[in-house]
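Visitor: This is the structure, below, for whatever I ask next.
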Amino acid sequence: MATKMIFNPENHNFKKIKELQANGYELLCPKCKATLVIALTLDEAKEKGVHPGMYCPTNPQHVHMTVSLASTKQSLWEKLEK
Ligand SMILES: [Zn+2]
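Quick note: the sequence shown, position 17, residue 17 per this note's numbering, numbers continuous.
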């Protein structure tokens, strides 16, 4: 069973989210406590039918982060991992 954690936009960048996900955590929306839809890779995004990123399934205005998987991917990840 996944451990649940409230998403904190001030502390959680994509690198952290990836780590939490790898460790079996589920992130919850800080506003409505719904389990966030997380798709950090193109395969995951395809599987879930969403754009790459992280969203609140109740209301995208609660949490809405997108990841660009275009040609800037490498530099994007380099920035995120700093
Ligand atoms: Zn929400």
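Every residue gets a Cβ at the ideal spot worked out from N, C-alpha and C, and that includes glycine.
In this text the structure is predicted, and so the values were computed from the model without any measurement.
Whole angstroms is fine: what's the gap from residue 28's alpha carbon to residue 64's?
Guide: Your numbering for residue 28 matches position 28 in the sequence shown. Your numbering for residue 64 matches position 64 in the sequence shown. The alpha-carbon atoms of residue 28 and residue 64 are separated by roughly 13 Å.
Visitor: Just to check, is the beta-carbon of residue 34 closer than 7 Å to a non-hydrogen atom of ligand 1?
Guide: Here residue 34 refers to the residue found at position 34 of the sequence shown. Yes.
Visitor: Taking the alpha helix (DSSP H) that residue 10 falls in, what are its first and last residues?
Guide: Stepping through the sequence shown from its first residue, residue 10 is reached at position 10. Run containing residue 10: none; DSSP gives neither H nor E here.
Visitor: By how many angstroms is the C-alpha of residue 30 removed from the C-alpha of residue 36?
Guide: Reading the sequence shown from its first residue, position 36 is the one you call residue 36. Reading the sequence shown from its first residue, position 30 is the one you call residue 30. Rounded to whole angstroms, residue 36 to residue 30 spans 10 Å at the Cα level.
Visitor: What residues in its chain sit with their C-beta under 7 Å from that of residue 38, if we drop five residues either side in the sequence?
Guide: One-based indexing of the sequence shown puts residue 38 at position 38. Here the set comprises 17, 21, 27 and 54.
Visitor: Does the beta-carbon of residue 71 have 16 or more other beta-carbons within 10 angstroms, so that it is buried, or is it exposed?
Guide: As a working note, residue 71 is residue 71 in the sequence shown. Because the pLDDT at residue 71 is just 45, under 50, the model does not fix this residue reliably, and the value given afterwards should be weighed accordingly. Label assigned to residue 71: exposed.
Visitor: Is any non-hydrogen atom of ligand 1 found closer than 7 Å to the C-beta of residue 8, if you look at the structure I gave you?
Guide: Locating residue 8 in the sequence shown gives position 8, where the first residue counts as 1. Outside the cutoff, so no.
Visitor: In the DSSP assignment, the alpha helix (DSSP H) including residue 42 goes from what residue to what residue?
Guide: Residue 42 sits at position 42 when you count from the first residue of the sequence shown. Annotation: the continuous alpha helix (DSSP H) that includes residue 42 extends over 42-48.
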